[in-house]
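Taking it in order: structure first as structure tokens, then the write-up.
In the UniProt record's numbering, the protein residues as written are 1 to 152.
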């Protein structure tokens, strides 16, 4: 448990590589009441449905044989792009003053991608992180997870 309060008005981002739920606490740190500010879902089918190109070839030097170049993982690239767009939303909200503080709940990889893309001002608004995937959980379960992990 961390001594971080989720104050009234604080945002909570619950996200993964395909879904982002921007929530706002309308309660207080002891009785969290999350409400949806914005929801985003990215249509990100598997790579096999996104890219059909044959792998590229690289030519060796000095008579060396050609070698195959690894296929792009379009699915993973789209996850990174989605994380970047979520970070851009947080950056814009921090810059405009719409966002005073935020708690981010996401799997470790997504947390890392978000950290890389957040502006210094937005990073200063991050009051806590929880490395879990709660995107498919109902709001009461997310509220309980916050209450367990973050206490004033």
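Just so it is clear, CB atoms sit at the ideal spot from N, CA and C, and this is done for glycine as well.
- Query: In whole angstroms, what separates the C-alpha of residue 24 from that of residue 41?
  - Reply: Reading the chain shown from its first residue, position 24 is the one you call residue 24. Reading the chain shown from its first residue, position 41 is the one you call residue 41. Whole-angstrom Cα-Cα distance: 18 Å.
- With burial defined as no fewer than 16 other Cβ atoms inside 10 Å of the residue's Cβ, what is the status of residue 91: buried or exposed? For this step, residue 91 is matched to residue 91 along the chain shown. It counts as buried.
- From the DSSP output, in three-state form, read off residue 32 for me. Position 32 of the chain shown, counted from the first residue, corresponds to residue 32. Coil.
- Message: If distances are taken between C-alpha atoms only, which option among 21, 39, 103 comes closest to residue 127?
- Response: Here residue 127 corresponds to residue number 127 of the chain shown, with the count starting at 1. For residue 127, the nearest C-alpha among the options comes from 103.
- Which one of 16, 3, 8, 87 has the shortest CA to CA distance from residue 154? Any question about residue 154 goes unanswered here, given that the chain covers just 1 to 152.
- Query: By Cβ distance below 8 Å, which residues in the same chain neighbour residue 10 in space, the five residues on each side in sequence not counted?
  - Reply: Here residue 10 is taken as the residue at index 10 of the chain shown, counted from 1. So the qualifying residues of the chain are 24, 25, 100, 101, 102, 103, 127.
- Using a Cβ-Cβ distance under 8 Å, would residue 7 count as near chain C? Among the protein chains of the structure shown there is no chain C, as only one such chain exists.
- Message: Between residue 39 and residue 21, how many whole angstroms is the CB-CB distance? I'm expecting something under 8 Å.
- Response: Position 39 of the chain shown holds residue 39. Position 21 of the chain shown holds residue 21. Yes, they are in contact, since the Cβ atoms of residue 39 and residue 21 sit about 5 Å apart, within 8 Å.
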